[in-house]
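Here the protein sequences line up with chains A and B, keeping their order.
When we follow the UniProt record's numbering, the leftmost residue of the first sequence carries the number 1, and every step to the right adds one.
When we follow the UniProt record's numbering, the leftmost residue of the second sequence carries the number 1, and every step to the right adds one.
Everything on this sheet refers to the single structure shown next.
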Amino acid sequence: MSNFRRSQNQSNPNKLNAILSTLIFILILNVTIQIWLLYAALNNALENHKEILIPAFIASLVLFLIGASLLYYMPIGNNNSRK
Amino acid sequence: MSKEDNLNKNWKKDFPIEKQQATNVSRRDFAKFLTLVSGGLMVGSGLVAAKAYMYPKEEVEGEHFVCNKEEVPLGGTRAFVIEGSTIPYILIHLETGEFKAYEQKCTHLSCSVFYKPGTGIIHCPCHEGSFDAKTGKVLAGPPPRALPKLDVFFKDNAVYVKASIEEEIG
């Protein structure tokens with residue numbers, strides 16, 4: 001029976017390449033936003049403005065979950081069935 | 001055996017990894033690593049929030065005697081610490097006659113700040129940071145926040161400080 005994983009691995013290397021590049025691009029974007037969130041949270045914590053801390057943490061958590069769930073779509077690579 | 005044959009057979013036998021496979025592996029690891037970094041930043045954010053809520057910064061409690069008015073000349077300063085705390089403060093007698101008290105640690109990297117007599121500027125020599133002596137706000141340089149301040153009040157001739165009442169912003 002064919003499933004998502006198998007059909008994805010059988011697709012054209014160009015397609016896998018595009019998927020992986022997009023994935024890395026999105027992950028870098030997420031990490032950048034998270035760095036900004038952490039920076040803002042830290043500065044506000046030192047300034048005793050606590051109201052921003054929980055939303056910043058939740059946003060960071062959401063971005064992490066997005067990144068982690070995107071890993072499902074990461075191509076496994078050619079497992080060289082030709083060998 | 002010709003060079004061509006060698007390239008085509010033995011070389012591949014010795015290194016049985018195709019170029020494409022090799023690059024795929026490293027990019028996949030990179031993506032995983034990015035996710036790890038993302039998780040680390042998320043944990044960091046959580047720690048900042050937890051620290052702020054569970055171990056809040058100690059507030060100065062009560063009123064504390066610093067010195068008598070005549071001990072600090074116009075434009076002069078006096079360093080002091082509050083009992084039971086190690087945070088250094090400075091009391092400044094501004095040229096306008098006002099008394100102001102600030103934490104002596106620069107908000108950039110905690111260097112000692114000092115008052116420049118006659119200018120109304122508190123200066124940090126480490127990275128050329130400047131604060132307004134009247135409000136504690138940043139005028140120039142790298143400090144990201146205003147200097148924390150204490151409220152100064154008088155009992156006859158004695159100068160006292162107490163925790164500053166936070167102004168509501170916006």
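Note that the Cβ used here is the ideal one computed from N, Cα and C, for glycine as well.
Nearest-angstrom Cα separation, counted from residue j out to residue i
i	j	result
G62 of chain B	L139 of chain B	31 angstroms
Q10 of chain A	I76 of chain A	10 angstroms
E83 of chain B	I122 of chain B	24 angstroms
S112 of chain B	T135 of chain B	18 angstroms
A133 of chain B	Y115 of chain B	8 angstroms
S60 of chain A	P142 of chain B	27 angstroms
N16 of chain B	L71 of chain A	Just to set this straight, residue 16 of chain B is Pro in the shown sequence, not Asn. Roughly 27 angstroms separates the two Cα atoms.
G120 of chain B	E128 of chain B	15 angstroms
L46 of chain A	F154 of chain B	30 angstroms
G170 of chain B	T32 of chain A	Residue placement at G170 of chain B is flagged as unreliable, the pLDDT there being 40, under the threshold of 50; a coordinate-derived value is accordingly withheld.
K137 of chain B	S164 of chain B	15 angstroms
K12 of chain B	K19 of chain B	11 angstroms
P88 of chain B	V48 of chain B	25 angstroms
N43 of chain A	I52 of chain A	10 angstroms
V60 of chain B	T86 of chain B	12 angstroms
P73 of chain B	A56 of chain A	47 angstroms
residue 172 of chain B	Q104 of chain B	The structure shown does not extend to residue 172 of chain B, since chain B is modelled only from 1 through 170, so no value can be given for it.
M42 of chain B	K100 of chain B	40 angstroms
V152 of chain B	I58 of chain A	40 angstroms
residue 178 of chain B	A50 of chain B	The question about residue 178 of chain B has no answer here: the residues shown for chain B are numbered 1 through 170.
S38 of chain B	L147 of chain B	33 angstroms
E168 of chain B	R6 of chain A	Bear in mind that the predicted position of E168 of chain B carries a pLDDT of just 46, short of 50, making it unreliable; the figure below should be weighed with that in mind. About 59 angstroms.
N14 of chain A	L34 of chain B	22 angstroms
I54 of chain A	N48 of chain A	13 angstroms
R28 of chain B	L16 of chain A	11 angstroms
Any non-hydrogen atom of the ligand NAP closer than 7 angstroms to residue i Cβ
i	result
I26 of chain A	For the structure depicted, the ligand NAP is absent and the ligand set is empty, with no information on it obtainable.
Proximity to residue i [Cα-Cα], best of the options
i	options	result
K149 of chain B	B:C67, B:K162 and B:P117	B:K162
W36 of chain A	B:T77, B:S45 and B:A79	B:S45
E70 of chain B	B:I92, B:E58, B:H64 and B:S85	B:I92
H64 of chain B	B:M54, B:V37 and B:F80	B:F80
E95 of chain B	B:P117, B:E58 and B:K32	B:P117
S69 of chain A	B:E98, B:A31 and B:E58	B:A31
A41 of chain A	B:A52, B:G39 and B:G40	B:A52
V159 of chain B	B:S26, B:N68, B:D5 and B:D29	B:N68
M157 of chain B	B:D5, B:V66, B:D14 and B:E58	For the record, residue 157 of chain B in the displayed sequence is Asn; it is not Met. Minimum Cα distance to N157 of chain B is reached at B:V66.
Cβ neighbours of residue i in the same chain (closer than 6 angstroms, five flanking residues each side left out)
i	result
C124 of chain B	C106, C111 and V113
G76 of chain B	H93
7 angstroms CB neighbourhood of residue i in its chain, flanking five on each side removed
i	result
Q34 of chain A	S60 and L63
I66 of chain A	N30
Chain-order list of residues whose beta-carbon lies under 8 angstroms from that of residue i (same chain, five-residue window excluded)
i	result
M74 of chain A	I19, L20 and L23
H108 of chain B	C124, C126, H127, G129, G141, P142, P143 and P144
>> To test your reading of the DSSP string, which unbroken beta strand (DSSP E) runs of 3 or more residues are found completely within the segment 6–76 of chain B?
In response: 64–68
> Which runs of the alpha helix (DSSP H), 4 residues or longer, sit entirely within the segment 24–81 of chain A?
Replying inline: 53–70
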